[in-house]
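Have a look at the structure below, then the notes.
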Ligand code: SF4
């Protein structure tokens, strides 16, 4: 068995929507970014603290990502688990709690397995908890395929012993102040697994099915070089414009629908091509590598200060407050709100054009424009 499952739980949203992506991804290195490495460090620290709290022998891990912030969030994670445990103990005397439990769901997904950060089994409920340290994307538990795969793994382990009826899934994402829980009867979960998951997983494992671009592409290792995604983005370029020479409002609206995806994709292609040219000397037809613009900088700050002072310039240092984000990191959210909450204001944002699917409410444009100009 490979160290990483071909059909990973974390990639399920992607490979269930674009089934051939799982095999295509194998052609690319799994180079985890900084955020993923920081997430692993947070998991290890959280695991250690949870073991310590449950009086299980453990050794504190260290990493280059250690920070006050990580200490605080992992403490909160452990607190959350202990509260969950205390709550189920009110109902069941001896609940089962497992940390970093391997969860095998290969009866639905070929070679499929994953690791549940924490699983609590009490009476007829299996509760799978996933600690997410990332803050880029808010993750909901409802109908989340990754969580449902873990839940299937938990069922495989415990159903025969505990006669489980309900499966509960929680995403604990402290940096987004997000605790999202989803409960589903076991029968519904198994129905989904048999009728939706299994057929998709079989296609995905073979590398069959249709390439289907969507918001899941952003987590695909093939995303930059994927032709299906390129074709999707070029659809707008092939748009058949009527009524020359000027674009109609409808045509502009149609283009607007694609602008965000197009910009993101174009930036990724540019970054990929630049990296290949600069790092590996790759030649792109019609392009060359030149020296970019740069800013002047001091060669020796101490010498600069001395020379300036000697010449009679005293006021050469500036002191500035930490940014709100850094101040909040320093103090922690609670202390920050206690001490500085009254001094924080959030100006109105600049009126922004977004698709109607965006969750923010529509604003009255004439009032908003005046308010924004006044604040400026
Ligand atoms: S980039 Fe998108 S369309 Fe292409 S393989 Fe990956 S998920 Fe599928």
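Numbering (the numbering used here), first residue to last: 10 to 385.
Ideal Cβ placement from N, Cα and C applies to all residues, glycine included.
For the candidate residues the options, whose alpha-carbon lies nearest to that of residue i?
i	options	result
residue 29	35, 173, 13 and 218	218
residue 93	135, 155, 66 and 65	135
residue 51	73, 129, 300 and 38	73
residue 35	273, 183, 308 and 13	13
residue 195	176, 137 and 186	176
residue 182	356, 290, 85 and 342	85
residue 187	216, 141, 203 and 224	141
residue 354	333, 360, 365 and 364	333
Could you give the distance in angstroms between the alpha-carbon of residue i and the alpha-carbon of residue j?
i	j	result
residue 298	residue 278	16 Å
residue 236	residue 220	9 Å
residue 358	residue 369	12 Å
residue 295	residue 287	15 Å
residue 97	residue 21	30 Å
residue 264	residue 189	35 Å
residue 48	residue 145	12 Å
residue 438	residue 345	No information on residue 438 is available, as it lies outside the stretch 10 to 385 that the chain covers here.
residue 254	residue 242	23 Å
residue 324	residue 305	21 Å
residue 228	residue 302	32 Å
residue 282	residue 197	46 Å
residue 91	residue 159	21 Å
residue 79	residue 88	14 Å
residue 266	residue 222	15 Å
residue 240	residue 269	15 Å
residue 39	residue 75	24 Å
residue 343	residue 356	22 Å
residue 206	residue 199	9 Å
residue 226	residue 340	37 Å
Please state whether DSSP places residue i in a helix, a strand or coil.
i	result
residue 182	strand
residue 13	coil
residue 226	helix
residue 300	coil
residue 109	strand
residue 199	helix
residue 26	helix
residue 72	coil
residue 135	strand
residue 375	helix
residue 319	helix
residue 276	helix
residue 37	coil
residue 46	helix
residue 194	strand
At a threshold of 7 Å, does residue i count as lining ligand 2 (C-beta to nearest heavy atom)?
i	result
residue 220	Of the ligands one can find in the structure shown, namely ligand 1, none is ligand 2.
Here's a check: name, in chain order, each residue in its chain whose Cβ is nearer than 8 Å to the Cβ of residue i, leaving out the five neighbours to either side.
i	result
residue 100	131 and 132
residue 16	24, 31, 118, 119, 120, 121, 210, 213 and 214
residue 44	143 and 145
residue 124	109, 110, 111 and 112
residue 375	none
residue 272	none
Going by beta carbon distance, what residues of the same chain come within less than 6 Å of residue i, once the five residues before and after it are set aside?
i	result
residue 139	126 and 180
residue 156	150 and 178
residue 367	none
residue 372	none
residue 162	112, 113 and 114
Residues in its own chain within less than 7 Å of residue i by CB, not counting five upstream and five downstream?
i	result
residue 201	157
residue 67	57, 60 and 61
residue 167	130, 135 and 173
residue 19	155
Any beta-carbon of chain C closer than 8 Å to the one on residue i?
i	result
residue 63	Among the chains of the structure shown, chain C does not appear; only one protein chain is present.
Inset, instruction - State whether the segment 17 to 29 contacts the segment 48 to 63, with contact taken as three or more CB pairs (one from each stretch) at a distance under 8 Å. - result: No, the segment 17 to 29 does not touch the segment 48 to 63.
Legend entry - Cβ pair count under 8 Å reaching 3, the segment 144 to 151 against the segment 107 to 120: By the criterion of at least three beta-carbon pairs nearer than 8 Å, the segment 144 to 151 is not in contact with the segment 107 to 120.
Legend entry - Segment contact, 8 Å Cβ cut-off, at least three pairs: the segment 165 to 172 with the segment 325 to 336: No, they do not touch.
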